[in-house]
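**Q** Have a look at this one.
There are 2 protein chains.
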Amino acid sequence: MDVLEELRKFREMDIPYSRVLSSMCTVPLEIAVKAHQMFINTNLGDPGIFPGTLELERKLIKMLGDLLHCETPCGYICSGGTEANIQGIRSARNIKAKKEPNIVIPKTAHFSFEKICDILRIEVRRADVDEAYRVDVSEVESLIDENTVSIVGIAGTTELGQIDPIVELSKLAEEKDIPLHVDAAFGGLVIPFMDNPYPFDFVNEGVMSITIDPHKMGMATIPAGGIIFRNEKFLKALEVETPYLTTKMQFTLTGTRPGTGVASAYAVLKSLGFSGMREIVKMCLKNTKILTEEMTQLGFEPVIEPVMNVVAFKTERAEKIREELYRRRWVISAIRNLSAIRFVIMPHVTEEVIKNFISEFRKVI
Amino acid sequence: MDVLEELRKFREMDIPYSRVLSSMCTVPLEIAVKAHQMFINTNLGDPGIFPGTLELERKLIKMLGDLLHCETPCGYICSGGTEANIQGIRSARNIKAKKEPNIVIPKTAHFSFEKICDILRIEVRRADVDEAYRVDVSEVESLIDENTVSIVGIAGTTELGQIDPIVELSKLAEEKDIPLHVDAAFGGLVIPFMDNPYPFDFVNEGVMSITIDPHKMGMATIPAGGIIFRNEKFLKALEVETPYLTTKMQFTLTGTRPGTGVASAYAVLKSLGFSGMREIVKMCLKNTKILTEEMTQLGFEPVIEPVMNVVAFKTERAEKIREELYRRRWVISAIRNLSAIRFVIMPHVTEEVIKNFISEFRKVI
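From first to last, the protein sequence lines are chains A and B. For the first sequence, the working numbering begins at 1 and goes up steadily by one. For the second sequence, the working numbering begins at 1001 and goes up steadily by one.
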């Protein structure tokens, strides 16, 4: 059998996105795929060879900085939210230079923070959340001590799409002189395009770094994560010397690094513009409402009123429902610690997808 | 201006591979690009959605395991050599569980080990090398203490393409009961295809993990790094719980993870086969010889007789030569601590490229 034919057979075993209501990734825009192909041979790990791609990345970082209200944005396009969060925390850890560092994060933070703390050898302290699943700022304060090197707030939690009180966290961070890292991997390209957006970004003086992933709601190709620092100081805390490359220092976590994410993220943001992004976000929020209404009619109550295009519904049978749907090649999430089923209403989750899903869902329950 | 037109202008500023003699990456094979495109929407970070891509990865890992003489290979395709090395060392660190861990690496190890030790909070001890730039095993031994969690050997050093005495390192590792990690990011897909290959792999009982990057000599698309462990125990030491994904545990460093590297690496190895790879390696070694002869005629002496398709030549003017060539849009490396200029003779460095380069090089010196 021809190799490409063989690959096609494997690819056909995958579940198409039109049946996936649980992923924070989506089908990239057509222009993103075209841009990706144009940059498929690029390697930003050796930027002297790719000065054009590097320049494009600078433009994209500036664009993201504008979006996040930062005049001196520093950062890069990385493998994804985990690398971005590692780098945000690592920078703070290196600057603070404590012997037994800890960070304070919300209980609702992404599970990768467990991984990050193992990798960076940092103690993780999890602060409780209020009834709306926003972190309790007074509890964050009580967990801080002289070894705390970073506070983390989430703008768009993975499980519920909730936004932590970043304004208050920032005040606390300033008061305690501890860098605040905002994980906006998902929300970073949603919130700015909503009506009356919550001020989650560098507009707050205590925010020193933000994770914002173009390969999630930015509809870029994978991999395209993003880490943006308030200024150069935080990037410099990550640098190591390179003895033979075209540049003398390297601040990225990885070495070899594709330029495809830079090109595809830039292509999407530039071609859609902020108004185009607003339309997409509006559509996702409308579809979230449609799904929520359908589910409510079927007797399922949302855990919280959806804040963005993520919604979860209470049910004791979460895992069973998920499994049965999976057997029928439909993918949703079960949140084990909340006894809930969860949906992410990405651009590929259209009204038609929702209609098809609900019709299957009725059979399952 | 049209966005794609704008992107094209940036891309044209990049230096084409036909003028790059310093990179361990290359132009991917055509079949790799085709495979990449077929898998462009895949995300192995949520493998339940992509069971076909996951199955393909298992086949590829098995294929790499066969190549590396391991019957129970465990691992995954990652962002590149740095992630692979992080994971190899992190696994050993977690298994050994020392309060103040250290690792012993050759002085010739890739600069990313500095980064890795910062990230993982591990002390790095650098052992000296012999006159052929192979690590001195007795010095490695003298640097080991009760807090040593890993020994590192290199199969294909970045600067000279040298191979450390892995056989002796493995014996030492077994004796001391310390996992040996082999960084074969480059050499892993060169050495097995050479005549009388040096036994650098799992054939040595002390070797517990190997870095092997398909996006280097595997001619796959970026990103496609590889980390292979001897058995499941080492992979399990990396796991964290995932509260809502289609799988319950995650051992990768990143979360979202493209399947493109899996598909492109598989496509290359499957279509070329071991015999096709042997032909490619043979050609690169022949071209290395041609370049070395040309350079010798121009009065440049190699630092060591080339072991594989990497070669460096002594010169006090290394940085000046590099800069002047770069001004003319030719890229080579200057190795600062060796006072040498360095070349990597990848598949794109054809006889014609060498001819063109030498003609330009004559003008520069």
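Beta carbons are placed, not taken as given, at the ideal position from N, Cα and C, and that holds for glycine. Given the structure is predicted, the values throughout are model-derived calculations rather than measurements.
(1) If we cut at 8 Å on Cβ distances, does A/Tyr76 have a partner in chain B?
(2) Answer yes or no: do A/Thr242 and A/Gln250 have a C-beta to C-beta separation smaller than 8 Å?
(3) Go through its chain and collect everything with a Cβ distance to A/Lys117's Cβ below 6 Å, but skip five positions before and after it.
(4) Nearest chain B C-beta to A/Thr221 closer than 8 Å, yes or no?
(5) On the DSSP letters alone, give me the boundaries of the alpha helix (DSSP H) that A/Lys248 sits inside.
(6) Please tell me whether A/His215 has its Cβ less than 8 Å away from any Cβ of chain B.
(7) What does the alpha-carbon distance come out to for the pair B/Leu949 and B/Ala1127?
(8) Going straight from the alpha carbon of B/Leu1272 to that of B/Ala1035, what length do you get?
(9) In the DSSP output, what is B/Lys1314 paired with across the bridge?
(10) Based on Cα-Cα distance, which residue from B/Glu1159, B/Val1149 and B/Lys1236 lies nearest to B/Arg1134?
(11) For a cutoff of 8 Å on Cβ pairs, would you count A/Val353 as touching chain B?
(12) So what does DSSP say about B/Glu1352, is it helix, strand or coil?
(13) Is A/Glu123 helix, strand or coil by DSSP?
(14) Can you tell me whether A/Ala334 is helix, strand or coil according to DSSP?
(15) What separation, rounded to the nearest whole angstrom, lies between the Cα atoms of B/Val1167 and B/Val1203?
(16) Inspect the beta-carbon positions of B/Gly1081 and B/Val1307 and report whether they are closer than 8 Å.
(17) With C-beta atoms as the reference, is B/Leu1120 less than 8 Å away from B/Ile1089?
(18) Taking A/Thr42 as the query, report the chain B residues whose CB atoms sit under 7 Å from its CB, ordered along the chain.
(19) Please list the segments of the beta strand (DSSP E) lying wholly inside the segment 1110-1187 of chain B, counting only runs of 3 or more residues, in order along the chain.
(20) With three or more C-beta pairs closer than 8 Å as the rule, is the segment 208-216 of chain A touching the segment 291-307 of chain A?
(21) Please return the same chain residues whose Cβ sits closer than 6 Å to the Cβ of A/Ile31, not counting the five positions on each side in sequence.
(22) If we ignore side chains and look at the alpha-carbon of each, how far apart do A/Glu352 and A/Val33 end up?
(23) Anyone know if the C-beta pair for A/Thr42 and A/Thr26 falls short of 8 Å?
(24) Go ahead and pull the three-state DSSP assignment for A/Thr221.
(25) Check for me: the beta strand (DSSP E) holding A/Pro106 runs from which residue to which?
(26) Pull up the distance between the alpha-carbon of B/Val1349 and that of B/Val1020, whole angstroms please.
(27) Based on DSSP bridge pairs, tell me the residues matched to B/Gly1276.
(28) Would you say B/Leu1311 reaches chain A, if we count a Cβ-Cβ gap shorter than 8 Å as a contact?
(29) For B/Ile987 and B/Pro1347, what's the separation of their Cα atoms in angstroms?
(30) State the beta-bridge partners of A/Gly226 as determined by DSSP.
(31) Who are A/Ile210's beta bridge partners in DSSP?
(32) Kindly say whether B/Gly1081, judged by its beta-carbon, lies nearer than 8 Å to any beta-carbon of chain A.
(33) Going by DSSP, which residues form a beta bridge with A/Asn43?
(34) Name the residue from A/Asn337, A/Val3, A/Thr247 and A/Gly188 whose alpha carbon lies nearest to the alpha carbon of A/Ile228.
(35) Quick one: what's got a C-beta closer than 7 Å to B/Pro1192's C-beta in the same chain, skipping five residues either side?
(36) Could you tell me the alpha carbon to alpha carbon distance between B/Pro1016 and A/Glu6, rounded to whole angstroms?
**A** On the basis of the coordinates in this document:
(1) On the first sequence, position 76 is the one that residue 76 of chain A refers to. Output row for A/Tyr76: interface = no.
(2) Residue 242 of chain A sits at position 242 when you count from the first residue of the first sequence. Residue 250 of chain A sits at position 250 when you count from the first residue of the first sequence. Yes, these two residues count as a Cβ contact at 8 Å.
(3) Counting from one through the first sequence, the residue named residue 117 of chain A turns up at place 117. Looking at the sequence shown, residue 117 of chain A is not Lys but Cys. Contacts found: Val124.
(4) Here residue 221 of chain A refers to the residue found at position 221 when the first sequence is read from its first residue. So yes, A/Thr221 belongs to the interface.
(5) Taking the first sequence and counting its residues from 1, the one referred to as residue 248 of chain A is at position 248. Per DSSP, A/Lys248 belongs to no alpha helix (DSSP H) and is neither H nor E.
(6) Position 215 of the first sequence holds residue 215 of chain A. Taking Cβ atoms only, chain B reaches closer than 8 Å to A/His215, which makes this a yes.
(7) As displayed, chain B neither begins before 1001 nor continues past 1365, which places residue 949 of chain B out of reach and without an answer.
(8) Start at 1 with the first residue of the second sequence, and residue 1272 of chain B comes out as number 272. Start at 1 with the first residue of the second sequence, and residue 1035 of chain B comes out as number 35. Cα to Cα, B/Leu1272 sits roughly 14 Å from B/Ala1035.
(9) In the second sequence, the residue the question calls residue 1314 of chain B occupies position 314. B/Lys1314 is bridged to B/Ala1340.
(10) Here residue 1134 of chain B refers to the residue found at position 134 when the second sequence is read from its first residue. Cα-wise, what sits closest to B/Arg1134 is B/Glu1159.
(11) What you label residue 353 of chain A is simply residue 353 of the first sequence in a count that begins at 1. Output row for A/Val353: interface = no.
(12) The sequence position of residue 1352 of chain B within the second sequence is 352, counting from 1. Here B/Glu1352 sits in helix by DSSP.
(13) Stepping through the first sequence from its first residue, residue 123 of chain A is reached at position 123. Strand.
(14) Here residue 334 of chain A corresponds to residue number 334 of the first sequence, with the count starting at 1. DSSP places A/Ala334 in strand when its eight states are reduced to three.
(15) One-based indexing of the second sequence puts residue 1167 of chain B at position 167. One-based indexing of the second sequence puts residue 1203 of chain B at position 203. The alpha-carbon atoms of B/Val1167 and B/Val1203 are separated by roughly 9 Å.
(16) In the second sequence, residue 1081 of chain B corresponds to position 81, counting from 1. In the second sequence, residue 1307 of chain B corresponds to position 307, counting from 1. Taking 8 Å as the Cβ cut-off, B/Gly1081 and B/Val1307 do not qualify as a contacting pair.
(17) Counting from 1 along the second sequence, the entry for residue 1120 of chain B is found at position 120. Counting from 1 along the second sequence, the entry for residue 1089 of chain B is found at position 89. Yes. Within cutoff.
(18) Residue 42 of chain A sits at position 42 when you count from the first residue of the first sequence. Within 7 Å Cβ-Cβ: Asp1014.
(19) 1123-1127, 1148-1154 and 1180-1183
(20) no
(21) Within the first sequence, numbered from 1, the residue matching residue 31 of chain A stands at position 31. Correct list, in chain order: Ala267 and Ser271.
(22) Taking the first residue of the first sequence as position 1, residue 352 of chain A is located at position 352. Taking the first residue of the first sequence as position 1, residue 33 of chain A is located at position 33. Each residue's alpha carbon lies about 24 Å from the other.
(23) By one-based count along the first sequence, residue 42 of chain A stands at place 42. By one-based count along the first sequence, residue 26 of chain A stands at place 26. No, these two residues do not count as a Cβ contact at 8 Å.
(24) For the purposes of this step, residue 221 of chain A is taken as residue 221 along the first sequence, with counting starting at 1. Residue state, collapsed to three classes: coil.
(25) Counting from 1 along the first sequence, the entry for residue 106 of chain A is found at position 106. Looking at the DSSP string, the run of the beta strand (DSSP E) that includes A/Pro106 is Asn102 to Pro106.
(26) Within the second sequence, the letter at position 349 stands for residue 1349 of chain B. Within the second sequence, the letter at position 20 stands for residue 1020 of chain B. One C-alpha to the other measures close to 8 Å.
(27) Here residue 1276 of chain B is taken as the residue at index 276 of the second sequence, counted from 1. DSSP, once it has assigned bridges, lists no residue as partnering B/Gly1276.
(28) What you label residue 1311 of chain B is simply residue 311 of the second sequence in a count that begins at 1. Note that residue 1311 of chain B corresponds to Val in the displayed sequence, not to Leu. B/Val1311 does not count as touching chain A.
(29) In the structure as shown, chain B starts at 1001 and stops at 1365, and residue 987 of chain B therefore has no counterpart that could be examined.
(30) Locating residue 226 of chain A in the first sequence gives position 226, where the first residue counts as 1. A/Ile77, per the DSSP bridge assignment.
(31) Here residue 210 of chain A refers to the residue found at position 210 when the first sequence is read from its first residue. According to DSSP, A/Ile210 bridges with A/Val182 and A/Ile228.
(32) Residue 1081 of chain B sits at position 81 when you count from the first residue of the second sequence. True, the Cβ-Cβ gap to chain A drops below 8 Å.
(33) Locating residue 43 of chain A in the first sequence gives position 43, counting from the first residue. Answer is A/Pro258, bridged to A/Asn43.
(34) Translated into the one-based positions of the first sequence, residue 228 of chain A becomes position 228. Per the Cα distances, A/Gly188.
(35) Walking along the second sequence from the start, residue 1192 of chain B turns up at place 192. Excluding sequence neighbours, B/Pro1192 sits near Leu1067.
(36) Within the second sequence, residue 1016 of chain B is the residue found at index 16, counting from 1. Within the first sequence, residue 6 of chain A is the residue found at index 6, counting from 1. Approximately 32 Å, taken between the alpha carbons.
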